[in-house]
Structure formats: structure tokens, C-alpha cells
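Colleague: This is the structure, below, for whatever I ask next.
There are 2 protein chains.
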Amino acid sequence: MTSEVMVEGTGAGRILQGMKVEQPSRVGVLLREWRQRRRLSQLDLANLADTSARHLSYVETGRAQPSRAMVLRLSEALDIPLRERNTLLLAADYAPAYRESGLDEEYMSSIRAAIDTMLTAHEPYPAVLVDRLWNVLAGNRAMAVLMDGIPPHLLEPRPNVFRLALHPDGLASRLANLGEVRTLFLQRLLRQVNATGDEALRSLYDEVRRYPAPMGGETEGPGEGEHGPSPIQVPLRIRTPYGELSMFSTMATFGAPADVTLSELAIELFYPLDEFSTKALHALGEWSS
Amino acid sequence: MTSEVMVEGTGAGRILQGMKVEQPSRVGVLLREWRQRRRLSQLDLANLADTSARHLSYVETGRAQPSRAMVLRLSEALDIPLRERNTLLLAADYAPAYRESGLDEEYMSSIRAAIDTMLTAHEPYPAVLVDRLWNVLAGNRAMAVLMDGIPPHLLEPRPNVFRLALHPDGLASRLANLGEVRTLFLQRLLRQVNATGDEALRSLYDEVRRYPAPMGGETEGPGEGEHGPSPIQVPLRIRTPYGELSMFSTMATFGAPADVTLSELAIELFYPLDEFSTKALHALGEWSS
DNA sequence: CGACTCAATGACGTCAGAGGTCATGGTGGA
DNA sequence: TCCACCATGACCTCTGACGTCATTGAGTCG
Chain E
4 MTSEVMVEGT GAGRILQGMK VEQPSRVGVL LREWRQRRRL SQLDLANLAD
54 TSARHLSYVE TGRAQPSRAM VLRLSEALDI PLRERNTLLL AADYAPAYRE
104 SGLDEEYMSS IRAAIDTMLT AHEPYPAVLV DRLWNVLAGN RAMAVLMDGI
154 PPHLLEPRPN VFRLALHPDG LASRLANLGE VRTLFLQRLL RQVNATGDEA
204 LRSLYDEVRR YPAPMGGETE GPGEGEHGPS PIQVPLRIRT PYGELSMFST
254 MATFGAPADV TLSELAIELF YPLDEFSTKA LHALGEWSS
Chain G
4 MTSEVMVEGT GAGRILQGMK VEQPSRVGVL LREWRQRRRL SQLDLANLAD
54 TSARHLSYVE TGRAQPSRAM VLRLSEALDI PLRERNTLLL AADYAPAYRE
104 SGLDEEYMSS IRAAIDTMLT AHEPYPAVLV DRLWNVLAGN RAMAVLMDGI
154 PPHLLEPRPN VFRLALHPDG LASRLANLGE VRTLFLQRLL RQVNATGDEA
204 LRSLYDEVRR YPAPMGGETE GPGEGEHGPS PIQVPLRIRT PYGELSMFST
254 MATFGAPADV TLSELAIELF YPLDEFSTKA LHALGEWSS
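If you want it as C-alpha cells, here you go:
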């Protein structure tokens with residue numbers, strides 16, 4: 004997995020012939036748009052946001068880079084929707100500050116139909132709806148293949164993808180390639196923890212990490228294993244009474260993929276990796292319907 | 004769609020009883036981990052990154068917040084994989100700086116099989132592989148329903164989701180709810196443009212925006228239409244010779260959803276919204292195979 | 001135990017840049 | 001013509017990133 008340099012900052016204040024050339028700067032333009040939309044003068048907004056009109060002017064024209072706090076204050080004063088505030092922050096080269104929420108609320112119900120459609124349309128392949136913490140909120144019938152025989156204490160408050168997959172009482176014992184899976188899963192979870200700093204996620208990580216690893220040279224924690232370019236995709240090889248099923252999974256979200264907003268829920272879609280698994284899943288699907 | 008405040012910054016330097024309490028700060032911890040992994044002393048790294056050991060110590064312990072440039076320089080000196088550098092930036096409350104790339108390269112081919120599996124497994128529903136700029140790189144057979152009768156000039160260098168959907172010679176004329184679709188599509192594209200500042204995306208936006216809108220009160224550009232909480236999900240209602248198909252789409256990506264890295268490619272999955280569409284797509288699928 | 005490495009940190013300094021205040025001049029609408 | 005609005009210059013403050021130098025204290029190793 005290679006990567007490449009992106010836009011290198013916002014591009015404001017580029018040096019040219021020893022002279023700073025002020026470019027409008029994305030935040031500046033965006034803030035101005037919002038202000039005009041609200042029909043406020045720079046002075047009005049400045050008062051509202053408790054800053055000076057002078058500085059605001061400079062920010063809008065790109066002669067000054069607003070601090071993160073300033074961006075947030077202005078957003079607040081302009082009463083900009085949270086989702087757009089994230090856009091502003093990104094435009095100013097700061098990390099987004101808000102995440103979507105409200106799965107439990109109307110949001111979820113408004114797309115409930117879509118979710119159900121997806122889940123059932125994906126049959127006979129397994130699919131689950133998960134929240135930010137990887138809790139399983141719903142699943143289709145094909146999930147039975149995976150959930151079969153999972154002891155209740157793993158479903159307790161609510162099943163969790165990581166616990167299900169890596170807990171010794173869960174799928175772990177049935178995974179033919181537990182080592183691989185465990186490594187990749189933990190790695191991903193850790194990255195997510197580090198990127199978001201979410202405490203709940205961290206404690207999930209701490210818990211899951213303690214689950215026993217399969218024998219064989221364990222690359223302990225994040226420690227040694229040289230984060231190297233990890234294989235984005237790792238198969239899930241599950242031993243079942245019908246034979247070994249090979250699958251991989253992807254995450255489907257609503258909205259654009261580059262939507263840097265940390266999305267609150269996603270659907271994990273499993274796909275078969277080989278002919279046998281495909282047929283087996285189809286057969287199981289027929290049988291159970 | 005509601006949102007909620009996130010972690011409110013990194014949490015470093017919280018005020019307590021009028022005294023600053025320095026918390027380890029995520030970046031600090033992460034940087035230290037990387038440095039130790041590289042078996043460098045603070046002094047060594049400081050020299051490599053052309054900074055002072057003193058400051059580095061402060062950064063690691065969270066007594067100082069590194070600037071974006073400093074984070075990047077340290078990452079460089081530590082030879083941290085780009086993907087992880089993004090994690091560091093986020094941990095320091097800065098916007099990520101790198102994006103994944105290399106679809107054309109080995110990356111694509113390494114997951115080529117997975118992509119093919121997904122595309123065909125999704126039949127008889129349409130699905131396409133798109134890149135960052137929404138160019139269509141592959142599609143399954145069910146896409147024929149959508150691509151049918153699209154003039155070659157829209158497929159020219161390479162078909163593009165937005166051009167296909169909104170160009171008058173494209174799907175636009177067949178969309179029963181072009182107005183809605185157009186509004187949502189443009190809105191999303193605009194957000195993406197603003198968040199990423201990507202020039203290529205911006206010019207795509209500028210182009211697509213000029214396409215004729217259907218009659219009826221057009222909420223011009225980003226101007227008036229009060230960005231309000233837009234409906235995350237909008238159906239695509241397409242008139243076909245077989246009747247009107249209703250579908251919605253979601254984006255599937257590889258890797259975690261909260262992976263703030265701007266992903267380079269994604270798969271757009273279409274799902275039927277009603278009984279009729281479901282049956283029609285299945286029937287068409289049967290027929291064409 | 002002395003020599004050495006390494007990390008933390010105090011004292012002190014520089015400097016860029018965010019952000020403020022006051023004033024001016026230029027625009028365009030009423 | 002008056003005024004609201006904006007850009008901008010002159011000038012100021014202050015925070016905080018970051019530098020240098022020196023000290024201390026905790027290992028570690030011969």
C-alpha cells in the first residue's frame with residue numbers, strides 16, 4: 004500500500020520570489036460564504052464571535068490563518084451545521100471535531116429501510132450493521148453461519164465484532180488463520196484508537212489484545228512487529244461443519260467515502276473468496292429459507 | 004442527521020484549579036513509541052529532524068504541542084509509513100496530509116480478485132469501482148441497465164459517475180427525480196471539494212454544476228439552498244423500458260470506516276428500493292446470463 | 001565505583017504569528 | 001451625498017513553538 008503526498012497544506016502563503024503570495028485560503032473563502040449567507044457584515048460576525056473585524060477580514064482574505072479555536076468560534080457564531088464545521092476545519096488543515104451520532108435516534112430509523120434492504124440483499128452472504136465501537140446492531144440471516152454456537156456471554160450486552168472474532172469462546176477457535184486475522188484486526192483497531200483517541204475504543208482494544216494468541220511467533224502488541232505495509236485485505240478462514248469457508252469483508256457506509264467525518268455506523272459485508280465457499284453459502288441460504 | 008461534539012481536542016493541557024495539568028498527549032506518546040522502535044535517543048532524533056532534544060522531550064511528555072510542520076519533520080526522520088503519519092497528525096489535531104494511492108499499481112491488482120468478487124457477487128444489482136475522482140474503473144454486468152444508451156462521448160477517456168448521472172445526454176434525462184439527485188450529488192461533491200481542496204475535483208464540480216437543471220425552482224449552486232441537514236439518502240428513480248427502477252447506493256471501501264485516510268478507491272453498490280425494482284433487476288439478470 | 005548515556009526539566013531567549021486597536025481610504029448602494 | 005461595508009496600513013500584545021545551555025537523576029556497564 005503506497006501513499007502519496009497530498010495538497011501540502013492549504014497552500015496559503017506560498018513563497019514566491021521571496022515574497023509571500025497570499026492565496027484566498029480555503030477556510031477564508033468558505034467562512035465568507037457562510038457569513039454572507041447569514042447576511043452578516045464582518046463587523047457583526049466579529050462581535051458575535053468576540054473577535055475583531057480587522058482580523059476577520061484578514062482571515063477571509065487569507066492573510067491570516069485562523070487558529071483551530073477561531074474556526075470553531077466563528078462556526079459557532081455562524082451557526083454552521085456540525086457536519087460543515089468539519090469541512091471548515093479540514094479546509095484550515097485542522098482535524099475534524101465532530102462526529103455523526105444519533106444512530107439510536109431518528110437518523111437510524113430514517114435509513115432503517117435502506118439498512119434492511121442491504122442486509123437482506125446481501126444474503127446468502129453474511130452482513131452486519133455495526134456502530135462506531137464495532138457493536139453489532141443488526142445482521143442478516145446468513146450471519147447464522149458465523150454466530151452459530153457462540154456462547155451467550157459474548158452476546159451479552161450486545162455482540163461486538165472484535166470480541167466475536169477473537170475471543171477464544173468466539174470464532175477464534177474456528178479460525179484456520181487466527182494468527183493473521185488477529186494481527187490485522189488488532190492493528191486496525193489500534194490505528195483507530197490512535198487516530199480518534201476514543202476511550203471506549205481504547206478499552207476495547209486493551210481487552211481484546213489480552214485474548215490468547217495462537218501458538219507460533221507472536222509479534223507482540225504494537226511493539227516489535229514493524230507496522231510495515233500491512234496487507235489491506237486478509238481472508239477469514241472459518242472451519243464449519245460443512246467445510247472451511249473463506250471470506251473477506253468490506254465496510255459500506257452512507258455518504259461519500261472521502262467523507263472524513265467519522266461515521267457512526269457502517270455495514271460490514273462479507274464475501275466468499277472461493278468457489279467452495281460461494282456454493283456452500285448459497286446452499287445454506289436455500290436450506291434456511 | 005445530528006452530530007455531537009467529539010473528544011474536544013487532544014485533551015492536553017486541561018485547566019484544573021487554575022493550573023495546567025499536562026497529560027501525555029496522544030502525539031507525544033505515539034512519537035515516543037516510534038522513536039523507541041527505531042532505537043533512537045531523543046538527541047539522535049532531534050539531530051535527524053533538525054530540532055532540539057529539549058523540545059522533543061517536551062513534545063513527548065505533552066508539555067508542548069508540536070506544530071504541524073514539526074510532526075511532519077519528525078515523522079520523516081523516523082521514517083514512519085505515510086499511513087501512520089496521518090494517524091500522528093490526527094492525534095495532534097491536524098488534518099491528515101497523505102492519501103492512499105496506487106490504484107493503477109500493485110495495490111489494485113492485489114485486491115483485484117476481491118473487487119471482482121464483490122462486483123459479481125452484487126449482481127443482479129449494479130455496482131461499480133470508482134476512484135477518488137469518481138471515475139468508473141470497472142463495473143458488473145448489471146450496470147448495463149444504467150449504462151444502456153449512454154453516448155460514447157460520456158465514456159470517452161473514462162466514464163465518470165457525476166457526468167453519467169447528471170449530463171443531459173446521460174442518465175439525467177431518464178431520472179424521474181433529477182432535481183433531488185442533482186441537488187444531493189452536487190452538494191456532496193462540493194463538500195468533498197471543500198474538505199480536500201482537490202483541484203481536479205473542483206473542476207469536475209465546476210463542470211457538472213453547469214449541466215442544465217430540471218425546470219422548477221432551482222436552488223442555485225451552493226448559494227441560497229441553506230445547507231441544512233440534507234437527506235443522507237436519496238433514491239435514484241430511473242425510467243427504463245421495463246418500468247421505473249428505484250435504487251439507492253452506498254459506498255464500500257477497504258479498511259476501517261473511521262479510517263480518516265482519504266481512500267483512493269471505493270465500490271459503489273446499488274440496491275433496489277422496492278419490490279418492483281428488485282424483481283426487475285433479478286429478471287434482467289436472469290435474462291442476460 | 002566512576003564513566004557514560006539518556007531523559008526530564010529549569011532558566012532564559014528568540015521569533016513568528018494570531019489577534020487586537022485605531023485610523024484611513026475606496027467602493028457601491030440609498 | 002451619506003453611509004455601510006470592506007481592505008489594509010501602522011502599531012501593539014502575548015502566547016507558544018522552539019532554541020541553547022546546564023543540571024540532575026536514573027540506569028547501565030566495565
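Residue numbers (the working numbering), protein chains in the order written: chain E, 4 to 292; chain G, 4 to 292.
Here a beta-carbon is modelled for each residue, glycine too, at the ideal position from N, C-alpha and C.
Note that the structure is predicted; figures quoted are calculated from it, not measured.
1) Determine the direct distance from the alpha carbon of D47(G) to that of R76(G), and round the result to whole angstroms.
2) Excluding the 5 residues flanking Y97(G) on each side, which residues of the same chain have their C-beta closer than 8 Å to its C-beta?
3) List, in order along the chain, the chain E residues whose C-beta lies closer than 7 Å to that of N197(G)?
4) Buried or exposed, going by whether 16 or more other CB atoms sit within 10 Å of the CB of E278(G)?
5) My output table needs one value for L122(G): the three-state DSSP class, helix, strand or coil.
6) Just mark Q39(E) as buried or exposed, buried being the case when its beta carbon has 16 or more other beta carbons within 10 Å.
7) Relative to the alpha-carbon of V184(G), which residue among Y208(G), D151(G), R240(G) has its alpha-carbon at the smallest distance?
8) What residues of chain E sit near Q236(G), judged by a beta carbon separation below 7 Å?
9) Identify, in the order they occur along the chain, each residue of the same chain with its Cβ nearer than 8 Å to the Cβ of L167(G), setting aside the five sequence neighbours on each side.
10) Would the beta-carbon of L2(G) fall within 8 Å of that of V131(G)?
11) Who are the near neighbours of R135(E) in its chain, counting only those whose CB is closer than 6 Å to its CB and skipping five residues on each side?
12) Taking 8 Å as the threshold (beta carbon to beta carbon), is P129(G) in contact with chain E?
13) Return no unless some Cβ of chain G is closer than 8 Å to the Cβ of L272(E).
14) Does Y245(E) have its Cβ less than 8 Å from a Cβ in chain G?
15) Using a beta-carbon distance below 8 Å, is G200(G) in contact with chain E?
16) So with CB distances below 7 Å, who are the chain E contacts of R194(G)?
17) Could you say if the stretch 26-43 of chain E and the stretch 83-103 of chain E meet the contact criterion of at least three C-beta pairs nearer than 8 Å?
18) List, in chain order, every chain G residue whose beta-carbon is nearer than 8 Å to that of M73(E).
19) Using the Cα positions of K282(G) and M250(G), report the straight-line distance between them to the nearest angstrom.
20) When DSSP labels each residue in this structure, what does N89(G) get in the three-state scheme?
21) Would a check of beta-carbon distances place L299(E) closer than 8 Å to chain G?
22) Could you tell me which chain E residues have their CB closer than 9 Å to the CB of L276(G), listed as they occur along the chain?
23) With DSSP run on the structure shown, which of helix, strand or coil describes S70(G)?
24) Taking DSSP as the reference, what is the three-state secondary structure of L239(E)?
25) Y97(E) versus chain G: which residues are under 7 Å apart at the beta carbon?
26) Could one say the Cβ of F279(E) lies closer than 8 Å to chain G's Cβ atoms, at least one of them?
27) Report buried or exposed for S44(G), applying the criterion of at least 16 other Cβ atoms within 10 angstroms of its Cβ.
28) Relative to the C-alpha of L34(G), which candidate in N50(G), S55(G), E63(G) has its C-alpha closest?
29) Give the DSSP-derived three-state secondary structure of I114(G) in the structure shown.
30) Could you work out which residues of chain E lie near A124(G), taking near to mean beta carbons separated by less than 7 Å?
31) How many angstroms separate the CA atom of D179(G) from the CA atom of P275(G)?
32) Provide the residue span of the alpha helix (DSSP H) that contains S206(G), from first to last.
33) Just checking: is the beta-carbon of F251(G) within a distance shorter than 8 Å of some beta-carbon in chain E?
34) If you count every other CB in all the chains shown that lies within 10 Å of the CB of D209(E), and 16 or more means buried, which is it?
35) Within 10 angstroms of the Cβ of G200(G), are there 16 or more other Cβ atoms? Answer buried if so, exposed if not.
Modeller: With the structure as the only source:
1) Start at 1 with the first residue of the second sequence, and residue 76(G) comes out as number 73. Start at 1 with the first residue of the second sequence, and residue 47(G) comes out as number 44. Straight-line Cα distance between these residues: approximately 14 Å.
2) Reading the second sequence from its first residue, position 94 is the one you call residue 97(G). Taken in chain order, the residues that qualify are R71, V74.
3) On the second sequence, position 194 is the one that residue 197(G) refers to. R29, L33, T90, A94, listed in chain order.
4) For this step, residue 278(G) is matched to residue 275 along the second sequence. The residue is exposed, with fewer than 16 neighbouring Cβ atoms inside 10 Å.
5) Looking up residue 122(G) in the second sequence gives position 119. Helix at L122(G).
6) Taking the first sequence and counting its residues from 1, one reaches residue 39(E) at position 36. Counting Cβ neighbours within 10 Å, Q39(E) comes out exposed, since fewer than 16 surround it.
7) For this step, residue 184(G) is matched to residue 181 along the second sequence. Nearest option by C-alpha distance: R240(G).
8) On the second sequence, residue 236(G) is found 233 positions in, with the first residue counted as 1. The contacting residues are I114, A117, F257.
9) Here residue 167(G) corresponds to residue number 164 of the second sequence, with the count starting at 1. Excluding residues up to 5 positions away in sequence, V139, L149, M150, I153, L157, G173, L174 lie with their Cβ nearer than 8 Å to the Cβ of L167(G) in the same chain.
10) Since the first residue of chain G shown is 4 and the last is 292, residue 2(G) is not available in this structure.
11) Residue mapping note: residue 135(E) aligns to position 132 of the first sequence, counting from 1. Result list for R135(E): E267, in chain order.
12) In the second sequence, residue 129(G) corresponds to position 126, counting from 1. By this cut-off, P129(G) is not an interface position.
13) On the first sequence, position 269 is the one that residue 272(E) refers to. Yes, L272(E) lies at the interface with chain G (some Cβ there is under 8 Å from its Cβ).
14) Here the question's residue 245(E) lines up with position 242 in the first sequence. So, not an interface residue.
15) Sequence index remark: in the second sequence, residue 200(G) carries index 197 (1-based). Yes, G200(G) counts as interfacial toward chain E.
16) In the second sequence, counting from the first residue as 1, residue 194(G) sits at position 191. Within chain E, the residues near R194(G) are T90.
17) yes
18) Against the first sequence, residue 73(E) aligns to sequence position 70. The premise fails here: M73(E) is roughly 14 Å from chain G at the closest Cβ pair, so nothing lies under 8 Å.
19) By one-based count along the second sequence, residue 282(G) stands at place 279. By one-based count along the second sequence, residue 250(G) stands at place 247. The alpha-carbon atoms of K282(G) and M250(G) are separated by roughly 12 Å.
20) What you label residue 89(G) is simply residue 86 of the second sequence in a count that begins at 1. In this structure, N89(G) counts as helix in the three-state DSSP scheme.
21) Only positions 4 to 292 of chain E appear in this structure, which leaves residue 299(E) out of reach.
22) Indexing the second sequence from 1 puts residue 276(G) at position 273. Below the 9 Å Cβ cutoff, chain E contributes A116, A117, T120 as neighbours of L276(G), in chain order.
23) As a first step, residue 70(G) is located in the second sequence; it is residue number 67 there, counting from the start. The answer is coil: DSSP assigns S70(G) none of H, G, I, E or B.
24) Translated into positions along the first sequence, residue 239(E) becomes position 236. Three-state result, L239(E): strand.
25) Within the first sequence, residue 97(E) is the residue found at index 94, counting from 1. In chain order: D96, Y97, A98.
26) The residue given as residue 279(E) occupies position 276 in the first sequence. Answer no: the Cβ-Cβ gap between F279(E) and chain G never drops below 8 Å.
27) Residue numbering aside, residue 44(G) sits at position 41 when the second sequence is read from its first letter. Exposed: under 16 other Cβ atoms inside 10 Å.
28) Position 31 of the second sequence, counting from 1, holds the residue named residue 34(G). If we check each option's Cα against that of L34(G), E63(G) comes out closest.
29) Counting from 1 along the second sequence, the entry for residue 114(G) is found at position 111. The answer is helix: DSSP assigns I114(G) an H, G or I state.
30) The residue given as residue 124(G) occupies position 121 in the second sequence. Per Cβ cutoff of 7 Å: Y128, Y274.
31) On the second sequence, position 176 is the one that residue 179(G) refers to. On the second sequence, position 272 is the one that residue 275(G) refers to. Checking the sequence, you will find Ala at residue 179(G) rather than Asp. Cα to Cα, A179(G) sits roughly 15 Å from P275(G).
32) The residue labelled residue 206(G) in the question sits at position 203 within the second sequence. Residues 202-212.
33) Against the second sequence, residue 251(G) aligns to sequence position 248. Yes, F251(G) lies at the interface with chain E (some Cβ there is under 8 Å from its Cβ).
34) Locating residue 209(E) in the first sequence gives position 206, where the first residue counts as 1. Classification for D209(E): exposed.
35) Residue numbering aside, residue 200(G) sits at position 197 when the second sequence is read from its first letter. Counting Cβ neighbours within 10 Å, G200(G) comes out buried, since at least 16 surround it.
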